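Chemist: In the working numbering, the protein residues as written are 19 to 345. Each residue gets a CB set at the ideal place from its N, CA and C atoms; glycine is no exception. These figures come from a predicted structure and were not determined experimentally.
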Amino acid sequence: MMKGFAFKILTPKDITGVLNMIGVHPAVVQENIERPGADNAMAFFNALAEFAYDMDSQQVKAQMPAGILYPEIYDEAMDVLTVFKLSRQLAMINLVDDFNFKDFWDPISKRFRALLSGMINFCRYKEAKVIVITGMKEDVQSLDSHRLELVEKLNQVDSELATAQERHSAELQEMWRAENEVSEAKATNDKLARQRNSADRVVEDAEKKRLAVKEHVRQGEHRIEQLREQVASLQGQIAESPEGLEKEIDELKSGVRQLKAILEEKANQRRSHSQRDQIFCRLIKHMETYKDELTRVGSLAASADAARQRCTASREELAQLRQSLEA
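1. Are three or more beta carbon pairs between the stretch 296-313 and the stretch 228-240 nearer than 8 Å?
2. Beta-carbon separation of A56 and L37 under 8 Å?
3. Tell me the residue span of the alpha helix (DSSP H) that contains F122.
4. Answer yes or no: do F119 and S105 have a C-beta to C-beta separation smaller than 8 Å?
5. Using alpha carbons as the reference points, say which of Y71, F69 and L28 lies closest to E52.
6. What's the gap between the Cα of S317 and the Cα of K232?
7. Apply the 10 Å Cβ neighbour rule to E189 and answer buried if 16 or more other Cβ atoms are within range, or exposed otherwise.
8. Which residues bound the alpha helix (DSSP H) around G35?
9. Using 8 Å for Cβ pairs, my map puts P30 next to R129. What's the rounded Cβ distance?
10. Taking the C-alpha atoms as reference points, what is the distance between E170 and S160?
11. Beta carbon of F122, beta carbon of M60: below 8 Å?
12. Quick check on the burial criterion: 16 or more other C-beta atoms within 10 angstroms. Buried or exposed for P372?
13. Taking its Cβ as the centre, do 16 or more other Cβ atoms sit within 10 Å of S135, making it buried, or is it exposed?
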């Protein structure tokens, strides 16, 4: 390493290989490094600056501010100044602070080789870092792509969430309506249950009343049967004892009056309980049958009166016959 520089001074052969590798034209030979000229310096510094900064003088001139009068006058000078500025910046990076235009116009072999070595050193450093940076850029691009995918998924999830929230709100309202309907249905069910219990109690009461009426009807039928038996007995007693028949008729009329009173009371109950019309209709039929029996009994009583009168008349005629026979 030459004294005074913080980097390794490359051999002319190494420098030639690097310059040819980056595409300097015409091809570089070691003599161009050992005995450089102004054209060699301009070409080598320009190639290394373009390689180091990844841009040429035309790209730099394209970034010049507008409004310069007659820029074509400065065109050739701008090329030289651009290469000089870029090369000087590379030299300063390598801690060479005295880089000047003399290094372009009158390059010294040893200094020229040192400047080229520093610039090549930076280019190698830059290439090594570019590899790392390129990898990092690729990672950044990958991460950014992944980020965009996540953002897209997030937007999709947000959209699905909004849709789900809307659906949940609609389902919640439907659930509230369903709960209200269930509450109303329960209230209606409870009301119907109470009505059914009341109806069951009414049916039980009606059944009890029906059984009671049925018992009264049975008793009435039994009474009618007894009256029929009495009528049959009276029919047998008419000829034997008219007086006893009259007594029986009176008793029978009294029983009929009592039975009529009972029937009238039953009729009143029947009118007050219209829902038991069917049962009372049966009772009315029995009462009509009993009325027919009473009518028939009345006819028998009339016949008994007539028989008693005939019997009395026969006795009177018998007494008269006896008197006439005794006379």
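Modeler: Here's the rundown:
1. yes
2. To locate residue 56, count along the sequence shown from 1; it is residue 38. To locate residue 37, count along the sequence shown from 1; it is residue 19. In this structure, L37 does not lie closer than 8 Å to A56 by Cβ.
3. Taking the first residue of the sequence shown as position 1, residue 122 is located at position 104. Counting along the chain, the alpha helix (DSSP H) containing F122 begins and ends at K120 to W123.
4. Here residue 119 refers to the residue found at position 101 when the sequence shown is read from its first residue. Here residue 105 refers to the residue found at position 87 when the sequence shown is read from its first residue. Contact flag unset, no.
5. On the sequence shown, residue 52 is found 34 positions in, with the first residue counted as 1. Checked all of Y71, F69 and L28; the closest Cα to E52 is L28.
6. Position 299 of the sequence shown, counted from the first residue, corresponds to residue 317. Position 214 of the sequence shown, counted from the first residue, corresponds to residue 232. Those two C-alpha atoms are separated by around 30 Å.
7. Position 171 of the sequence shown, counted from the first residue, corresponds to residue 189. Looking at its Cβ environment, which holds fewer than 16 other Cβ atoms inside 10 Å, E189 is exposed.
8. Position 17 of the sequence shown, counted from the start, is the residue given in the question as residue 35. P30 to M39 is the span of the alpha helix (DSSP H), which, as asked, contains G35.
9. Position 12 of the sequence shown holds residue 30. Position 111 of the sequence shown holds residue 129. Incorrect: roughly 14 Å between the Cβ atoms, too far for contact.
10. What you label residue 170 is simply residue 152 of the sequence shown in a count that begins at 1. What you label residue 160 is simply residue 142 of the sequence shown in a count that begins at 1. Rounded to the nearest angstrom, the two C-alpha atoms are 15 Å apart.
11. In the sequence shown, the residue the question calls residue 122 occupies position 104. In the sequence shown, the residue the question calls residue 60 occupies position 42. With contacts defined by Cβ atoms closer than 8 Å, F122 and M60 form a contacting pair.
12. Since the first and last residues shown for the chain are 19 and 345, residue 372 lies out of range.
13. Numbered from its first residue, the sequence shown carries residue 135 at position 117. Buried.
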